[in-house]
Amino acid sequence: MSIHTEDFSEGFDAAPARKPRAKAKPAVADVAESSMRSPTISPAPVNKHEEALERALRPKLLDEYVGQAKAREQLEIFIGAAKKRGEALDHVLLFGPPGLGKTTLSHIIAAELGVNLRQTSGPVLEKPKDLAALLTNLEANDVLFIDEIHRLSPVVEEILYPALEDFQIDIMIGEGPAARSIKLDLQPFTLVGATTRAGMLTNPLRDRFGIVARLEFYNAEELARIVTRSAGLLGAPIDAEGAQEIANRSRGTPRIANRLLRRVRDYAEVKGNGTITREMAQKALSMLDVDPRGFDVMDRKLLEAVVHRFDGGPVGVDNIAASIGEDAGTIEDVIEPYLIQQGYLQRTPRGRIATKAAYQHLGLVAPQSAGSLFNE
Numbered sequence: 001m002s003i004h005t006e007d008f009s010e011g012f013d014a015a016p017a018r019k020p021r022a023k024a025k026p027a028v029a030d031v032a033e034s035s036m037r038s039p040t041i042s043p044a045p046v047n048k049h050e051e052a053l054e055r056a057l058r059p060k061l062l063d064e065y066v067g068q069a070k071a072r073e074q075l076e077i078f079i080g081a082a083k084k085r086g087e088a089l090d091h092v093l094l095f096g097p098p099g100l101g102k103t104t105l106s107h108i109i110a111a112e113l114g115v116n117l118r119q120t121s122g123p124v125l126e127k128p129k130d131l132a133a134l135l136t137n138l139e140a141n142d143v144l145f146i147d148e149i150h151r152l153s154p155v156v157e158e159i160l161y162p163a164l165e166d167f168q169i170d171i172m173i174g175e176g177p178a179a180r181s182i183k184l185d186l187q188p189f190t191l192v193g194a195t196t197r198a199g200m201l202t203n204p205l206r207d208r209f210g211i212v213a214r215l216e217f218y219n220a221e222e223l224a225r226i227v228t229r230s231a232g233l234l235g236a237p238i239d240a241e242g243a244q245e246i247a248n249r250s251r252g253t254p255r256i257a258n259r260l261l262r263r264v265r266d267y268a269e270v271k272g273n274g275t276i277t278r279e280m281a282q283k284a285l286s287m288l289d290v291d292p293r294g295f296d297v298m299d300r301k302l303l304e305a306v307v308h309r310f311d312g313g314p315v316g317v318d319n320i321a322a323s324i325g326e327d328a329g330t331i332e333d334v335i336e337p338y339l340i341q342q343g344y345l346q347r348t349p350r351g352r353i354a355t356k357a358a359y360q361h362l363g364l365v366a367p368q369s370a371g372s373l374f375n376e
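So the sequence shown is residues 1 to 376, counted in the UniProt record's numbering.
Structural data, given as C-alpha cells:
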C-alpha cells in the first residue's frame, strides 16, 4: 500500500472561504485556518514540521483509533462488507470541527482496505483537468481523499458527479467548433470527503455520499488515553494525572492535545526532570496562557466582547469579528464550536448570546436575562 499527496494545480489561496480568493500561492496539501489565536491551541496545522509530528502520532488502524465510537463501529462494518465482496467502499463524508481526526480516518480507511490513498484538497482542484488527472490515475478500489471538499468549484463538482455514480467522466477534446466530448471509464474508487462546513455542500454532492459520519468533540477520558499513547510514542515519561491535566485543557480536540503534550514535554525537560506530572503540566500550560477550561486569549476576548461591548448579546458574528480583530469564518469554524458545546455561548437566529457560565468564567455576576432571548 502506498500513500500519496497530490498537487495538480499551480496554487490556491489558503484564506477562509468567506473571503475572495487572492493571487494564487504555492499549493500545499492541507489548508490552515487564518487565525490570530495562539498556534499552540489552534486546531489547524501550524507548519510542515508540526504536520510531520502530527502524522507520526496518528493511529494507523481502527483498533488503535480512540473515540468516535459510533463512526468507528459503522466504518468497521462497512469496510468489512466491502472487503468481503471485493468491492470499493461506498463514498464517505466526514464532517465536524477541525482537529477531530477526519484526515486520520481517511488514512485508516485506506489502510484497512489495503489500497492506495490519494490526497488533495478542494481549493487545489481549480480546473476539471486537475480532477481528471487524479481520477484517471486511480487503481481499482483506491481511496481519494479531498479535504475541504466544500470549497470545490462548481465546474469541478459537475465533473465529479458521474465519476461518483457511474465511475465515468466526460472530458472535452479540442477547442472551438472542433471540440467534442468523450467518455472515459474509471476504476471503481472510494471518495472520502472532509469538511468543517457540511452546510456549504451542495445537495447533489451531499446526496452522492453513501456513508456520512459526524465527528464529535472528545471527552477528557478519551483525550487522556490519546495523550498517554502519544507520550509513549514520543518517549516522554508521563503519569496519569499529568495526562489528565493536558486532556482537560485540550478543548475536546486530539490535535490540540498532542500539540500541548509536546510543549509540556519541552517544559518538563528544561524546568524539571523530564517527567510530565500534573504540577509540571499546570505550570507549562499556564505559561502558554491556556486556562483550566482550555480557553486561550482569543476565547476570552470573544467572551469579553460579547459580555462587555454588546451587553451579553445577541450580537452578530461580523460585529464580534470586528471587535476582536479576528476573521468571522475562523470564529464560526474554530473558536465558537467549543464555546457553544461547553455551554458558554448560544447561537440564535438574532446572534450570539453569552450564557451565565460565560459571566461566571469571567468572574462576573450574570444578569437574569443571561443566555436567553426571552427572560426579562
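Glycine included, C-beta positions come from ideal geometry on N, C-alpha and C. All of these numbers come straight from a predicted model, not from anything done at the bench.
- In this structure the region 74-86 touches the region 106-113; the number of beta carbon pairs closer than 8 Å is three or more.
- Contact check between the region 278-291 and the region 308-319: fewer than three CB pairs, one atom from each, fall below 8 Å, which does not count as touching.
- Comparing alpha-carbon positions, the option among G96, Q342 and A257 lying closest to L223 turns out to be A257.
- Where T120 is concerned, there is no enclosing alpha helix (DSSP H), although the beta strand (DSSP E) around it starts and stops at L117 to S121.
- The UniProt domain "AAA+ ATPase" (88-215) contains, as complete alpha helix (DSSP H) runs of 4+ residues, the segments 102-113, 128-136, 154-166 and 203-206 (chain order).
- Nearest to L125 by alpha-carbon distance, out of G80, G174, A321 and E158, is E158.
- In the structure shown, Q342 falls within a coil segment according to DSSP collapsed to helix, strand and coil.
- Per DSSP, the beta bridge partners of I276 are I238.
- A straight-line Cα-Cα distance of about 23 Å links G343 and L260.
- At a Cβ-Cβ threshold of 8 Å, G329 and L215 do not count as neighbours.
- DSSP lists Q346 as the beta-bridge partner residues of I353.
- Distance check between K129 and each of R300, I171 and E304 places I171 closest, using alpha-carbon atoms only.
- Remark: C-beta atoms of G252 and R278 do not approach each other more closely than 8 Å.
- Cα atoms of H150 and V270: separation of roughly 43 Å, rounded to the nearest angstrom.
- By the Cβ rule, the region 229-237 does not count as touching the region 171-188, because fewer than three pairs are nearer than 8 Å.
- Following the DSSP letters along the chain, one finds E64 in no alpha helix (DSSP H), marked with neither H nor E.
- Going by C-alpha positions, R262 is about 42 Å away from P204.
- By the criterion of a C-beta distance shorter than 7 Å, A366 is surrounded in its chain by K356, Y359 and Q360, once the five residues flanking it on both sides are discounted.
- Collapsing the DSSP output to three states places V290 in coil.
- Between P123 and the set S323, E148 and T104, the nearest pair of CA atoms involves E148.
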